[in-house]
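Numbering (our numbering), first residue to last: 31 to 405.
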């Protein structure tokens, strides 16, 4: 008979057993330390986000002091303060704040979608583009530009990107479904195939586009928040709110799914239903974000993994924490994109890729060393 104690659970050495006990005292101590860091990390991320948003609203070609920004916001909210002069008020409320708020929503959506993707696929290297949402949205946007579609006015391009992004994910899911079930490997391979087909369509559209359209397509694909308006904020807001509210409700089930599909089913998780729900949430968050900002890579990969390294794999913090950290990363990146090369503005997607690509390479090397190779 096995001895009583944490090792007798049959759980892997570095993972919690299904009954909640830990495989070693060392891991139990590590888990306790990580739980203790969660409140501090949440507080730090929140404070940093507020500071970054205030700095971004105040910084630019037309400088606005921090105190004036706060005073204007308080005045608009009816909490005292005072309005600025006409030019400063226009710059703050028509240019800066829509961009900051849109950055918050897009960053939170991409960060949360990345955490969900990694939980659904059980792989810390997964990101929302795996299931084709970014490539599908790009097809919609490029098609709208190439064919001069204008049936919704300024809303045509974001609407086409959103609809095609969401539709691509549904197509990937339906093609990978067999016998009422969807295997993760099949889903990934189907996503790769559909993404390749979407890339071919984009290349075909580029062939027929003129020089002006090519410039517009290139600018959209590089990613930017420079065209932010309050109307775009309102367009993203419902999708972001719905996705960000639904995602944390699935945190416990994602923790159980991390034990494996079979153990999760034995513990009462409807794996197929959970996977479908989360894929739809991922598609909603990502397609809404991409439709107004263009393709911004590596946020969904970088943010959840850094938080997982700092606070552990528990999704009760990881999912909302990734939304908070994603918003922080995108606001800071956007501030850098428009100030580093003043008066020019760097494409936001290029900046995140320049930072994210080396991190991804380091992550691959680190994972390979820890596993002793891939074979």
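Glycine included, each C-beta is placed from N, C-alpha and C at the ideal position.
Identified DSSP bridge partners for residue i
i, result
"residue 208", "211"
Limits of the alpha helix (DSSP H) - the one that residue i falls within
i, result
"residue 241", "241 to 252"
"residue 260", "260 to 276"
"residue 180", "That residue, residue 180, is in no alpha helix (DSSP H); it is neither H nor E in DSSP."
"residue 175", "163 to 176"
"residue 313", "301 to 323"
"residue 341", "329 to 341"
"residue 116", "116 to 121"
"residue 142", "127 to 151"
"residue 294", "291 to 296"
"residue 279", "Per DSSP, residue 279 belongs to no alpha helix (DSSP H) and is neither H nor E."
Collapsed DSSP secondary structure at residue i in the structure displayed
i, result
"residue 71", "helix"
"residue 349", "helix"
"residue 216", "helix"
"residue 108", "coil"
"residue 57", "Because the pLDDT of residue 57 is 46, which lies under 50, any placement of that residue in the model is unreliable, and the number read from its coordinates should be weighed accordingly. Residue state, collapsed to three classes: helix."
"residue 94", "coil"
"residue 51", "Its pLDDT being 43, under 50, residue 51 is placed unreliably by the model, and the measurement read from it follows with that caveat. The answer is coil: DSSP assigns residue 51 none of H, G, I, E or B."
"residue 255", "coil"
"residue 388", "helix"
"residue 326", "coil"
"residue 344", "coil"
"residue 27", "Residue 27 lies beyond the stretch modelled for the chain, which goes from 31 to 405, so this question has no answer here."
"residue 370", "coil"
"residue 383", "helix"
"residue 377", "coil"
"residue 288", "coil"
"residue 188", "helix"
"residue 89", "coil"
Residue of the options minimising C-alpha distance to residue i
i, options, result
"residue 297", "284, 223 and 260", "284"
"residue 200", "186, 190 and 217", "217"
"residue 124", "131, 295 and 259", "259"
"residue 287", "303, 272, 274 and 275", "303"
"residue 326", "75, 70 and 140", "140"
"residue 316", "145, 91 and 393", "145"
"residue 278", "206, 122, 345 and 257", "345"
"residue 184", "194, 171, 363 and 195", "171"
"residue 68", "219, 352 and 243", "352"
"residue 206", "193, 225 and 221", "221"
"residue 385", "193, 73, 336 and 332", "332"
"residue 150", "233, 329, 347 and 281", "281"
"residue 319", "390, 254, 234 and 366", "254"
"residue 137", "153, 289, 324 and 235", "324"
"residue 86", "328, 238 and 362", "362"
"residue 192", "247, 243, 257 and 266", "266"
"residue 78", "126, 101, 134 and 272", "134"
"residue 164", "223, 204, 301 and 321", "321"
"residue 91", "110, 71, 75 and 121", "121"
"residue 127", "261, 271 and 349", "261"
"residue 365", "295, 95, 88 and 393", "88"
"residue 72", "84, 377, 349 and 328", "349"
"residue 367", "100, 81, 75 and 130", "130"
Residue i: CB within 7 Å of a non-hydrogen atom of the ligand PLP
i, result
"residue 139", "Of ligands this structure carries none, so the ligand PLP is not represented either."
At least three beta-carbon pairs within less than 8 Å, the region 155 to 162 to the region 105 to 122:
No: fewer than three Cβ pairs fall under 8 Å.
Using 8 Å as the threshold, is the region 171 to 179 in touch with the region 351 to 368, meaning 3 or more CB pairs across them?
no
Touch check for the region 100 to 107 and the region 374 to 393: three-plus C-beta pairs under 8 Å?
no
Determine contact between the region 306 to 323 and the region 189 to 207, defined as no fewer than three beta-carbon pairs at a distance below 8 Å.
Under the three-pair Cβ rule at 8 Å, the region 306 to 323 counts as touching the region 189 to 207.
The region 225 to 233 in contact with the region 163 to 170 per 3-pair CB rule at 8 Å
yes
For the region 205 to 213 against the region 334 to 348, are there 3 or more C-beta pairs whose distance is under 8 Å?
no
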